[in-house]
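Engineer: This structure is in structure tokens; I'll ask about it shortly.
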Amino acid sequence: MEQEQLKEKIIALLPEAEFNVNKQYLDINVPSDKMHAFVKLLKESDDLKLDYLFCLSGVDWKTHFTIVYHLTSTFFGHSLVLKVKTTGRENPEVASVADIYATAEFHEREVYDLMGIKFSDHPDMRRLFLDETFIEGFPLRKDYKDEINIIER
Amino acid sequence: MSEEKKVIVELNENPEYIINMGPQHPSTHGVLRFEVSLQGEMVKYLIPHCGYVHRGIEKMCESLTYPQIIHLTDRLDYLSAHMNNEAVSLCVENALEIEVPERVKYIRSILSELNRIASHQLWWSAFGMDLGGLTCFFYGLRDREKILDIFEESFGSRLLHSFIVPGGLMHDIHPNFKKGITDFIKYFRKKLPEYNRFLTGNVIFQARTKGLGILSKEDAINYGITGPSGRASGFSCDIRKIEPYSAYPYVDFKEILYTEGDTFYRYVARMDEMVESMNILEQLVDKMPDGNEYTAKMKPVIKLPEGEYYQRVETARGELGVYIVSDGNKTPYRLKLRTPNFSNLFIMNKLASGFKIADLVAISGSLDLVIPDIDR
Amino acid sequence: MGYQRYDLAPLTHSIDLFLYNHLPATWAFIAEMTIIGVVFLIFYAVIGLYLVLAERKVCAFMQNRIGPNRVGWFGVIQTIADLFKLLMKELITIRKADKFLFNLAPFIVIIASFLGIAAIPFAMGLHAIDFNIGIFYIMAVSSIGVVGVLLAGWSSNNKYSLIGAMRSGAQIVSYELSVGLSLLVIAIYSGSLQLSTIVASQADAWWIIKGHIPAIIAFIVFITAGTAETNRGPFDLAEAESELTAGFHTEYSGIKFAFFFLAEYMNMFLIASVAATVFWGGWMPLHIPGCESFNNTMDFIPPICWYFGKTAIVILIMMWFKWTFPRLRIDQLLTLEWKYLLPINLVNIIVVALIVLMGWYIK
Chain A
1 MEQEQLKEKI
11 IALLPEAEFN
21 VNKQYLDINV
31 PSDKMHAFVK
41 LLKESDDLKL
51 DYLFCLSGVD
61 WKTHFTIVYH
71 LTSTFFGHSL
81 VLKVKTTGRE
91 NPEVASVADI
101 YATAEFHERE
111 VYDLMGIKFS
121 DHPDMRRLFL
131 DETFIEGFPL
141 RKDYKDEINI
151 IER
Chain B
154 MSEEKKVIVE
164 LNENPEYIIN
174 MGPQHPSTHG
184 VLRFEVSLQG
194 EMVKYLIPHC
204 GYVHRGIEKM
214 CESLTYPQII
224 HLTDRLDYLS
234 AHMNNEAVSL
244 CVENALEIEV
254 PERVKYIRSI
264 LSELNRIASH
274 QLWWSAFGMD
284 LGGLTCFFYG
294 LRDREKILDI
304 FEESFGSRLL
314 HSFIVPGGLM
324 HDIHPNFKKG
334 ITDFIKYFRK
344 KLPEYNRFLT
354 GNVIFQARTK
364 GLGILSKEDA
374 INYGITGPSG
384 RASGFSCDIR
394 KIEPYSAYPY
404 VDFKEILYTE
414 GDTFYRYVAR
424 MDEMVESMNI
434 LEQLVDKMPD
444 GNEYTAKMKP
454 VIKLPEGEYY
464 QRVETARGEL
474 GVYIVSDGNK
484 TPYRLKLRTP
494 NFSNLFIMNK
504 LASGFKIADL
514 VAISGSLDLV
524 IPDIDR
Chain C
530 MGYQRYDLAP
540 LTHSIDLFLY
550 NHLPATWAFI
560 AEMTIIGVVF
570 LIFYAVIGLY
580 LVLAERKVCA
590 FMQNRIGPNR
600 VGWFGVIQTI
610 ADLFKLLMKE
620 LITIRKADKF
630 LFNLAPFIVI
640 IASFLGIAAI
650 PFAMGLHAID
660 FNIGIFYIMA
670 VSSIGVVGVL
680 LAGWSSNNKY
690 SLIGAMRSGA
700 QIVSYELSVG
710 LSLLVIAIYS
720 GSLQLSTIVA
730 SQADAWWIIK
740 GHIPAIIAFI
750 VFITAGTAET
760 NRGPFDLAEA
770 ESELTAGFHT
780 EYSGIKFAFF
790 FLAEYMNMFL
800 IASVAATVFW
810 GGWMPLHIPG
820 CESFNNTMDF
830 IPPICWYFGK
840 TAIVILIMMW
850 FKWTFPRLRI
860 DQLLTLEWKY
870 LLPINLVNII
880 VVALIVLMGW
890 YIK
């Protein structure tokens, strides 16, 4: 399906979607309260069928965080990028899509572990790589300080 | 109460027989811990604990320039080193909209395919050894030495080369490169039937692997299992066919797909991939243009324009994704590596529950996990 | 018969007479037992050492490499060097292990295999224990080894060892049946359990030739079950190093580990000896009924060479399929025994009984 057709279908499903400039994929900003229902709709709708989540990442923009979802359809071959912004840096929380895509369960644990973004309704929200006893913070954040191991340029 | 304490209290109330396979274990092939709850010989559930090799590669990349990142990507899935380098190089080149010379494209694909064969040879050796046929280890490694000799002649190192850089290649290849590859293909085509006689047709091996750890196509898509493990379940995920890169649009090959999805077919999928890789290599070596250009013109300092770029590449174990968020500087703002082994690991609980310990070893061997890729 | 010129009975008899003439009766008895014990200990140690070297060389040949060849000509002194190394290793005591059982287990395993080897006829007149229940005695006594294995796994206080020991216990107990029943075939053919009678009855031809098809089936079943008995080859999941990091002997170090290791090789030697003795004629040269000149030439080779040659060939076969096949899983192993080997054995015995009654074999 071409990007123009995709754009129309997305607007039909979710009028609040904002589109970003991206040369590769169709890039959508979704408000965080409508995100879970929208993603479920994307997976289950017959003409979109975006059933493969191939990347889930967190980006630290210093004033807020963004969770980036890369989705593609194994039936039709089209892909798109969903972005969800958190409201600020204190206690960031986003709805979990682990019940829609099983792979998201572990990607979300990694994002929590390294960036501190909690996912609500996650079946097993705990750290993945770092130890349970690691209280010094979340290493991938831009304001993470470690005098011994990290040399600031 | 912390998580640890909760687990201990629960265990005191209903005791379970839990053994830890790893972090040091001969068959987890890396530093990975499986916490296995047993009932006699049967596995009730399995919790993988990763993170023993977490080196913070993504954080390190935020303070390194793009040519410096190449050396770190080698060390992800070290058995597919060329393909990891290619992923980051292609992402940077697409962002800067630079076209590399044709010859470079061909050499990059040749190196990817050679690396794929070498990786599958090592996998075969280790898989046979895990199941008890210790002689497999020597046969597979003996043949892999031929590929490593080709690499050593051209690049000076056997495993981690850092050869494919943004813009092209680090330096030109050795004059004997083409001849080395044609000799290797002739040699290996004769040896591969030996591998099949040794393991594939063996009654004991088939009894150990058929019908075990069946992965359905829906689960493969849902859990993101790519690579030969996913293709053995019918999930058509070969990036070389979906979004062809480098010289793959110029060659003709078929995607190895099976529908049964059990351990035996994951094994057969990799064996067939080795044959298919040799076919691709022959075509590439035939069509490779002569000359000695090995790089496009690049500025001395690489600065990506502001924006986001994603590149997908097919490594020996699945789909590697490189996601670069750039703010115009010479270091990336955020580099995310979507590694195949990270997604492939977490299907272990579903696949191995209900089977025996011996089957756990067979299943994890057939998924072909390389641990530094999981932890980054 | 030509081979009787190599009869060693006069030699042993003269030593016996010498002792009894020069010492009082009880002292002579003790001296005789001591001499036999020392000879057997040396034999056991030497054969054990060289079997390990042979395994490493055969394994290397199959894996396209050379094997030990630095220490001594063709690596002959390699195992002695390894023995010194093992003797000098630290004996790590596990704090929470059951100390008495932990130390006892390797000894039980060694004693079981030692007792078995004592009953094998090595050459004409060189037969230490010649019971009239020869085969039965060997089987009974080698079964004591399983107690050692179970004790080792339990007393190590290690979950891996326990799993390995449980697997091994189940495996050995099951395969005892097949070993016994396949030997029973030859017992029916020869009419006796005594090993010297069985060997003597093969003077005209070996039982594997005389007993035709049932004997061949019994031989194949015996080799399979015997390999499983000794935790070797495709049946070695009790010590499957890629699954359980050395199974029941994980916690043993130094000389205690050497005992388990040695006992495994000597058990293999015992099974190979029993196979060679019962099916292939023991120390009896190869005779074809009717060819006098052929038989006379065969008789020139001393019986002890025949015995060691046959045992070596059976050992080579056992090593061959260890390094070729992958491992069986525990349930596949037990299925093989209870659903395949046992019915084959039982049917074989009935067929043999019928054959012996009707006289349909070469007498």
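Residue numbers (this note's numbering), protein chains in the order written: chain A, 1 to 153; chain B, 154 to 529; chain C, 530 to 892.
Virtual Cβ for every residue (Gly too), placed ideally from N, Cα, C.
Keep in mind it's a predicted model, so treat the numbers as computed, not measured.
When burial is assigned at 16 or more other CB atoms within 10 Å of the CB, is A95 of chain A buried or exposed?
Structural biologist: buried
Engineer: If we call anything under 8 angstroms between Cβ atoms a contact, is F291 of chain B one with Q607 of chain C?
Structural biologist: no
Engineer: Kindly indicate which residue of B:P176, B:E194, B:H182 has the alpha-carbon position closest to the one of D860 of chain C.
Structural biologist: The candidate whose alpha carbon is nearest that of D860 of chain C is B:E194.
Engineer: Which chain B residues are close to N22 of chain A, counting only those with a beta carbon under 8 angstroms from its beta carbon?
Structural biologist: G460, E461
Engineer: Apart from the five residues just before and just after K197 of chain B, which ones in its own chain have a Cβ nearer than 6 angstroms to its Cβ?
Structural biologist: S190
Engineer: DSSP three-state call for Y69 of chain A: helix, strand or coil?
Structural biologist: strand
Engineer: Buried or exposed, going by whether 16 or more other CB atoms sit within 10 Å of the CB of V575 of chain C?
Structural biologist: Flag for V575 of chain C reads exposed.
Engineer: At a CB-CB cut-off below 9 angstroms, which residues of chain B make contact with P123 of chain A?
Structural biologist: Below the 9 angstroms Cβ cutoff, chain B contributes no neighbours of P123 of chain A, its closest Cβ being approximately 12 angstroms away.
Engineer: Using CA atoms only, rank isn't needed, just tell me which of C:V676, C:W809, C:P763, C:Y718 is closest to W735 of chain C.
Structural biologist: C:W809
Engineer: Are there three or more Cβ pairs, one per stretch, closer than 8 angstroms when the region 860 to 871 of chain C is compared with the region 564 to 581 of chain C?
Structural biologist: Because the criterion of three Cβ pairs below 8 angstroms is not met, the region 860 to 871 of chain C and the region 564 to 581 of chain C do not touch.
Engineer: Any idea what DSSP makes of L174 of chain B, helix, strand or coil?
Structural biologist: In the sequence as presented, Leu is not what sits at residue 174 of chain B; that position holds Met. Residue state, collapsed to three classes: strand.
Engineer: S382 of chain B versus chain A: which residues are under 7 angstroms apart at the beta carbon?
Structural biologist: Within chain A, no residue comes near S382 of chain B; the closest Cβ sits about 14 angstroms away, beyond 7 angstroms.
Engineer: When burial is assigned at 16 or more other CB atoms within 10 Å of the CB, is Y340 of chain B buried or exposed?
Structural biologist: That one is exposed.
Engineer: If you reduce the DSSP assignment to three classes, tell me which class Y348 of chain B lands in.
Structural biologist: helix
Engineer: Among B:Y219, B:N238, B:S272, B:I200, which residue has its Cα nearest to the Cα of L232 of chain B?
Structural biologist: B:S272
Engineer: Are the beta-carbon atoms of R491 of chain B and I392 of chain B separated by less than 8 angstroms?
Structural biologist: no
Engineer: Does any residue of chain B have a CB that is nearer than 8 angstroms to the CB of P92 of chain A?
Structural biologist: no
Engineer: Using a Cβ cut-off of 7 angstroms, pull out every chain A residue sitting near E252 of chain B, in sequence order please.
Structural biologist: Within chain A, no residue comes near E252 of chain B; the closest Cβ sits about 16 angstroms away, beyond 7 angstroms.
Engineer: Would you call A364 of chain B buried or exposed, if buried means 16 or more other Cβ atoms sit within 10 Å of its Cβ?
Structural biologist: Going by the sequence as given, residue 364 of chain B is Gly instead of Ala. Per the 10 Å Cβ criterion, exposed.
Engineer: Along the region 100 to 112 of chain A, where does the CB come closer than 7 angstroms to a CB of chain B? Name the residues.
Structural biologist: Y101, A102, T103, F106
Engineer: Touching or not, the region 734 to 748 of chain C and the region 810 to 827 of chain C, by the rule of three or more beta carbon pairs under 8 angstroms?
Structural biologist: yes
Engineer: Going by alpha carbons, who is nearest to D46 of chain A out of A:L13, A:I67, A:L140?
Structural biologist: A:L13
Engineer: Between the C-alpha atoms of E705 of chain C and I374 of chain B, what's the straight-line distance to the nearest angstrom?
Structural biologist: 49 angstroms
Engineer: Output the distance between the C-alpha atoms of G77 of chain A and K43 of chain A, rounded to the nearest integer angstrom.
Structural biologist: 13 angstroms
Engineer: Express the C-alpha separation of R470 of chain B and R350 of chain B in angstroms, rounding to a whole number.
Structural biologist: Straight-line Cα distance between these residues: approximately 24 angstroms.
Engineer: Between P814 of chain C and I830 of chain C, is the Cβ-Cβ spacing less than 8 angstroms?
Structural biologist: yes
Engineer: Is L655 of chain C helix, strand or coil when you go by DSSP?
Structural biologist: strand
Engineer: Using three-state DSSP, classify I334 of chain B as helix, strand or coil.
Structural biologist: helix
Engineer: Please look up how many angstroms separate the CB atoms of Y689 of chain C and G776 of chain C, rounded, as I've assumed it's under 8 angstroms.
Structural biologist: 7 angstroms
Engineer: Taking Cβ-Cβ distances below 7 angstroms as the criterion, which residues of the region 503 to 528 of chain B are in contact with chain A?
Structural biologist: D528
Engineer: Would you say E169 of chain B reaches chain C, if we count a Cβ-Cβ gap shorter than 8 angstroms as a contact?
Structural biologist: Chain C, which has no Cβ nearer than 8 angstroms to the Cβ of E169 of chain B, makes this no.
Engineer: Between R858 of chain C and the rest of its own chain, which residues show a CB-CB distance below 8 angstroms, the 5 nearest in sequence each way excluded?
Structural biologist: L766
Engineer: In the DSSP output, which residue or residues are listed as bridge partners for G674 of chain C?
Structural biologist: Looking at the DSSP output, G674 of chain C sits in no beta bridge, so it has no partner there.
Engineer: Using a Cβ-Cβ cutoff of less than 8 angstroms, which residues in the same chain neighbour F643 of chain C once the five nearest sequence positions on both sides are dropped?
Structural biologist: F569, Y573, M795
Engineer: In or out: E426 of chain B buried (at least 16 other Cβ within 10 Å) or exposed?
Structural biologist: buried
Engineer: For K83 of chain A and Y69 of chain A, what's the separation of their Cα atoms in angstroms?
Structural biologist: 6 angstroms
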